[in-house]
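Numbering (numbering that gives the first Met the number 0), first residue to last: 0 to 97.
Just so it is clear, CB atoms sit at the ideal spot from N, CA and C, and this is done for glycine as well.
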Amino acid sequence: MSLPSPSLDDRSFQELVDEAKRRIPSLAPEWTDHNVSDPGVAIVELFAWMTESLLYRLNQVPDRMYVKFLELMGVQLYAPAPAQALLTFRLSAPQLEP
């Protein structure tokens with residue numbers, strides 16, 4: 000059983016829209032209509048939808064890319080090694096010689 004891959008960026012559509020709307024007053028103070036009917040809000044929602052799609056694909060990176068991300072963070076993988084286990088066999092009943 001492998002460990003679940005971490006989510007590199009787990010922001011949702013609504014979180015992206017809310018974050019963009021919070022930035023509007025500081026970046027465009029003349030923009031005062033933040034209702035759904037506003038064309039600017041429609042563009043914000045479109046970009047949030049596109050960003051959410053990209054984030055989904057980013058979180059689906061193949062294992063080799065996941066390993067590269069770990070290497071960038073300084074995580075070293077263990078070298079491959081065969082599995083080992085201690086076993087004990089017990090007879091449930093005495094066996095007669097044939």
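Local Cβ density within 10 Å of residue i, reported as buried at 16 or more and exposed below that
i: V35; result: exposed
i: V43; result: buried
i: M0; result: Annotation note: pLDDT 46 at M0 (below 50); position unreliable, coordinate value reported separately. It counts as exposed.
Beta carbon of residue i nearer than 8 Å to that of residue j
i: A41; j: A19; result: no
i: L26; j: T50; result: no
Distance between beta carbons of residue j and residue i, contact taken as under 8 Å
i: L76; j: D8; result: So it is not a contact: roughly 23 Å between Cβ atoms.
i: N58; j: S11; result: The Cβ separation is near 12 Å, so there is no contact.
_Ordered list of alpha helix (DSSP H) runs contained in the segment 34-72, each at least 4 residues_ = 38-57, 62-71
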